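This report refers to the structure that appears directly beneath it.
Number of protein chains: 2
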Amino acid sequence: MVLSPRKLPKQGRARATCDAILEAAAHIIARSGLAAFNTNAVAERAGVSIGSLYQYFPNKDALMVALIQRQQQGQLDTLMAAAATIDPAADLQTVVRALVRAAMQHHRTDDLLATAIDHEEARLPVDDLIGHYLDQGGMLVAALLANFQDQIGPVEPQVAARTLPALVRAVTDAWANLTPPQLDTAEDEAVKAVLGYLR
Amino acid sequence: MVLSPRKLPKQGRARATCDAILEAAAHIIARSGLAAFNTNAVAERAGVSIGSLYQYFPNKDALMVALIQRQQQGQLDTLMAAAATIDPAADLQTVVRALVRAAMQHHRTDDLLATAIDHEEARLPVDDLIGHYLDQGGMLVAALLANFQDQIGPVEPQVAARTLPALVRAVTDAWANLTPPQLDTAEDEAVKAVLGYLR
DNA sequence: AGGTGATGTGAGCAATTATTCATATACTGC
DNA sequence: GCAGTATATGAATAATTGCTCACATCACCT
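If you want it as C-alpha cells, here you go:
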C-alpha cells in the first residue's frame, strides 16, 4: 500500500486545501474518535469535495500517516519553543517543569487525538517517518539536561524522546480525568514523576 | 444507545458462546487493531453465527463495553494474585517491583489490545463501569503501601489506580519499542519511575 | 486572449459491515 | 415422548464507506 502523498500542491490554494483536510481529520478524531474518522466526513468538514481529498492522499491510511507527521511536527515545534525560553542558569526542576508544560499542552487540548495517533502508529509502518522527530526531540532534551549530569543519571536521547512524553501523559490523564479536573496538580505530579525517573 | 447485555446466558453452552465471542474480539483487536474489529469477523473467529452474537450483545458498542469489563477484571485479578504473593516483611522497592511486574504483564502480552481499549474507554460512557475496578485496585495498592508512610507521600487510592498503571505502561513502551526490546531494563526503569513518583 | 496544466467537483460504484428475522436445533422439566 | 423455552443459524437487508472518473473551473504563461 502506498502511503506517501499522491501529488504535492504547487499553488497556494492547493496548500490551503491540504491544510483544511488535515485540520478536519484532526478535528473529527479529537471530537468523535477513530470510529468517526472516514474520508467522506473529512472532506465535508474540510469544505472540499471527496475528489480533492484523493488528489493529494492516495488512500485513507496515507491521510492518517500525514496526520501523524503533522502531530509529531507540532509537538517538536512546541518543545523547541519551550526550550528557547529556558533561562540558561535555571536549575534542574525549572527546566523539567518547562518541558513538562510543553508536553502537557498537546495532550490537554487533543487527548483523544493523541491516543488515536498512538494506536495508529502501532498499526502503520511509520517507524522511519517518526524516527526523525523523535531523534530531534531526544537530542534537544538531552542537550538541555546535559548541564545536570551530577544530579541525574545518563540520558539516552532515543529513550528520553519516547519515555518522557509518555510519562507526562500518563500522569496528566490520571489527574485530568478526575471531577473536577485538577490540571495544576497534574503539572506538579508530572514534574515529580519525571524527576523521579531521571534520578 | 443500549450498552448493557441483551440477555444473560442460562445454560452452559450459552456461557461458552459468550466467552468465545469475547475471546475472539480480543484476539482480533490484539492482532489486527480496531479497524479489523467488526461483528462478522468476531462471529466467524468465535465459530458461532452472527445471529448468536446479537443474541447476547445488542450492538457492536455493547460488545466493546463487555470487552472493556473483561480487561479490567483481568487486570484486577492479576494485581490481586501478585498482591497475595508479597511477603508482608518486604521493603518498599520489592513491593513496587511486584506491582510493576503485574501491571506490565497485560501490556506486554496484548499491547495493541490495551491501547485500543484505552481509546474506546475515552469514547464510550463507561466511567461508572470501570470505576468499580479502579476503586478496588486503588484500595489494594493503597493498603500495600500503607506500611511505608515514612518513605513516601500520602497515596490517594483513586489517583494511584489511574496513575500507576499508566506510568508503568509509559516506561514499558519506551523500552519495548527499541530494537531489540529490552524488557528486563523496562521493569527496572518502571520501578524507578514509580518510586520517584511516590516519594 | 487563449492555451495548458493544475486544481476542484460530486454522483455513483463496489465492497464492507451492522443488524434483523424467519427458521432450525438443543436442552429441561414433566 | 412432549411441551415449552433457550439457543443457534445464516441469508438477506439497509446503511456506510473507500475510492474512481468524467467533467468543470481556475491560475499562470506567452
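Top line first, the protein sequences correspond to chains S and Z. Mind the numbering: the first sequence is residues 935 to 1133 in my numbering, read in order. Mind the numbering: the second sequence is residues 935 to 1133 in my numbering, read in order. Cβ coordinates follow ideal geometry from the N, Cα and C atoms, glycine included. These numbers come from a predicted model, not from an experiment.
| query | Excluding the five sequence neighbours on either side, which residues of its own chain have a C-beta within less than 6 Å of the C-beta of V1105 of chain Z, listed in chain order? | reply | E1123, A1124 and A1127
| field | Test item: CB-CB of T951 of chain S and V982 of chain S under 7 Å | value | yes
| Does the Cβ of L1129 of chain S have 16 or more other Cβ atoms within 10 Å, making it buried, or fewer, making it exposed? | buried
| field | Helix, strand or coil at E1055 of chain S according to DSSP, with G and I counted as helix | value | helix
| task | Would you please state the rounded distance, in angstroms, between the beta carbons of P1091 of chain Z and G1072 of chain Z? I believe it to be under 8 Å. | result | The C-beta separation of P1091 of chain Z from G1072 of chain Z comes to about 3 Å, placing the pair in contact by the 8 Å criterion.
| said: Please list the terminal residues of the continuous alpha helix (DSSP H) segment that includes P943 of chain Z. | reply: Note, P943 of chain Z: premise wrong, no alpha helix (DSSP H); not H, not E.
| Sufficient close CB pairs (3 or more, under 8 Å) joining the segment 1020 to 1039 of chain S to the segment 994 to 1008 of chain S | Cβ pair count under 8 Å is below three, so no.
| Under the rule that 16 or more other beta-carbon atoms within 10 Å means buried, what is P1088 of chain Z, buried or exposed? | exposed
| task | At 9 Å on the CB atoms, spell out the chain S contacts of G1130 of chain Z, in chain order. | result | K1126, A1127, V1128, L1129, G1130, Y1131, L1132 and R1133
| task | Compare the Cα-Cα distances from K1063 of chain Z to each of Z:A958, Z:N993, Z:L1078 and Z:M998 and report the closest residue. | result | Checking the displayed sequence, the identity of residue 1063 of chain Z turns out to be Leu instead of Lys. Here the closest residue by C-alpha is Z:M998.
| said: Across the segment 1072 to 1081 of chain Z and the segment 1046 to 1061 of chain Z, are there enough close Cβ pairs to call them in contact, namely three or more that are closer than 8 Å? | reply: no
| query | Where L1101 of chain Z and L1101 of chain S are concerned, what is the direct C-alpha to C-alpha distance, given to the nearest angstrom? | reply | 6 Å
| message | So G985 of chain S contacts chain Z; which residues on that side make the cut at Cβ distance below 7 Å? | response | Within 7 Å Cβ-Cβ: nothing; G985 of chain S doesn't reach chain Z, min ~24 Å.
| query | Under a three-way DSSP split, which group does L1078 of chain S fall into? | reply | helix
| query | Just reading off the alpha helix (DSSP H) that I984 of chain Z is part of, what are its end residues? | reply | I984 to Y990
| task | Could you list which residues in chain Z have their beta carbon closer than 7 Å to that of D1052 of chain S, in chain order? | result | T1049
| Using the C-alpha atoms, what's the distance from Y1067 of chain Z back to H1066 of chain S? | 39 Å
| task | Return the Cβ separation of I1002 of chain Z and E957 of chain Z in integer angstroms, given the expectation that the two are a contact with Cβ distance under 8 Å. | result | About 15 Å separates the CB atoms of I1002 of chain Z and E957 of chain Z; that is not less than 8 Å, and the two are not in contact.
| Beta-carbon proximity check, R1057 of chain Z vs G967 of chain S, cutoff 7 Å | In this structure, G967 of chain S lies closer than 7 Å to R1057 of chain Z by Cβ.
| request: Give the single residue among S:D995, S:N974 and S:A975 whose Cα lies nearest to the Cα of V936 of chain S. | output: S:D995
| Limits of the unbroken alpha helix (DSSP H) element including D1084 of chain S | No alpha helix (DSSP H) contains D1084 of chain S, which DSSP labels as neither H nor E.
| message | Is G967 of chain S close to chain Z? Criterion is C-beta to C-beta, closer than 7 Å. | response | Yes, its Cβ sits closer than 7 Å to a Cβ of chain Z.
| Limits of the unbroken alpha helix (DSSP H) element including T1134 of chain S | In the structure as shown, chain S starts at 935 and stops at 1133, and residue 1134 of chain S therefore has no counterpart that could be examined.
| query | Would you call T1113 of chain S buried or exposed, if buried means 16 or more other Cβ atoms sit within 10 Å of its Cβ? | reply | exposed
| task | Would you verify that the beta carbon of D1107 of chain Z is, or is not, closer than 7 Å to some beta carbon of chain S? | result | At a cut-off of 7 Å, the C-beta of D1107 of chain Z has a neighbouring C-beta in chain S.
| field | Any C-beta of chain Z under 7 Å from that of V1029 of chain S | value | Not one chain Z Cβ lies under 7 Å of V1029 of chain S.
| Simplified DSSP assignment, three categories, for R965 of chain S | In the structure shown, R965 of chain S sits in a helix (DSSP, three-state: H, G or I).
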